[in-house]
Amino acid sequence: MVLLPFFVISIGFYLGNFLYVKTTRCITEAEKIHVAIVLKSTRVARL
11 MVLLPFFVIS IGFYLGNFLY VKTTRCITEA EKIHVAIVLK STRVARL
């Protein structure tokens, strides 16, 4: 009974951490794509 709240907190922490990592990874992927598009457009503009 004493371990139950700790168990719930640890599960919540792991889930939150997992979601945080997933969202940050998605954001970094989007940033990479954005940077690639900007670099391509500037390259085309220079030519």
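Read in order, the letters of the sequence shown correspond to residues 11 to 57 in our numbering. Glycine is no exception: its CB is placed at the ideal position from the N, C-alpha and C atoms.
- Judged by DSSP in its simplified three-state form, V54 adopts helix.
- A straight line joining the alpha-carbon of E41 with that of T52 spans about 16 Å.
- DSSP places V12 in the coil class of the three-state scheme, outside both helix and strand.
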